[in-house]
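Taking it in order: structure first as structure tokens, then the write-up.
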Amino acid sequence: MNMTHYMELLAVNQPWNLILFMAIPVVLAETIAVTELAILFTRRFDGMMRKINKICSIIVGFYFLGIFIYLFVNAVIPFTMNGEWRGWIDIIAVGFYLMGVIPLFGLSLLDLGIVGRGWNEEQKLKYHAIFVGIFLIVAHIAMIFGMLDPSLGGNHSHHMNM
């Protein structure tokens, strides 16, 4: 089957690529989303939920920044230089996956106090929730397009090389 580079990355080197590129970031992001809801409902900014939320936010931002740099250097640049993209569906899948670095690293910067240092807890909570929402959107777009056969977008190449 012809597949996007996104899906190929997750399919090869089983189970390690799936764990490193999908499971770890998604488990951390889902932990953030669930604890974010608890914080939004309770408005408790000092409890255990907030501590878990903050730790996961800091870890996932830096973890995904590492993924972004690794894939940009080892996949995006070579695919672009060698004309190896499998059409527009492939570019959307990989591009939206990598765009996850923006909201995830934003969470890290916010929880480290690098961004929003002078904001009150309500303002921080607002932006924290926005970053979580943005991540959920870009991650789901990446997953949807990543699961498509790139030939649906007019690409009929059948090489696999991620």
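Counting from 1, one number per residue, gives the positions in the sequence shown under UniProt numbering.
For every residue, glycine included, the Cβ atom is placed at its ideal position computed from N, Cα and C.
Predicted model only: the values in this text are computed from it and were never measured.
Check: At least 3 beta-carbon pairs within less than 8 Å: the segment 134-146 vs the segment 72-84; Outcome: no
Check: Alpha-carbon to alpha-carbon, I39 and D46; Outcome: 9 Å
Check: Backbone CA spacing between M99 and T80 [nearest angstrom]; Outcome: 17 Å
Check: Under the three-state DSSP convention, the category Q14 falls into; Outcome: coil
Check: Buried versus exposed call for T4 [16 or more other C-beta atoms within 10 Å across all chains shown]; Outcome: buried
Check: Pairwise C-alpha distance: P103 and I144; Outcome: 19 Å
Check: Three-state class that DSSP yields for R117 in the structure shown; Outcome: coil
Check: Environment of L152 [buried if 16+ CB atoms lie within 10 Å]; Outcome: exposed
Check: Straight-line gap, V34 to V132 (C-alpha atoms, nearest Å); Outcome: 10 Å
Check: CA nearest to the CA of G87, picked from A11, G154, V12 and M7; Outcome: G154
Check: Nearest-angstrom Cβ-Cβ length linking D111 and N2, presumed shorter than 8 Å; Outcome: Their Cβ separation, rounded to whole angstroms, is 41 Å, which puts D111 and N2 out of contact at 8 Å.
Check: Touching by the beta-carbon criterion (3+ pairs, under 8 Å), the segment 117-128 and the segment 63-70; Outcome: no
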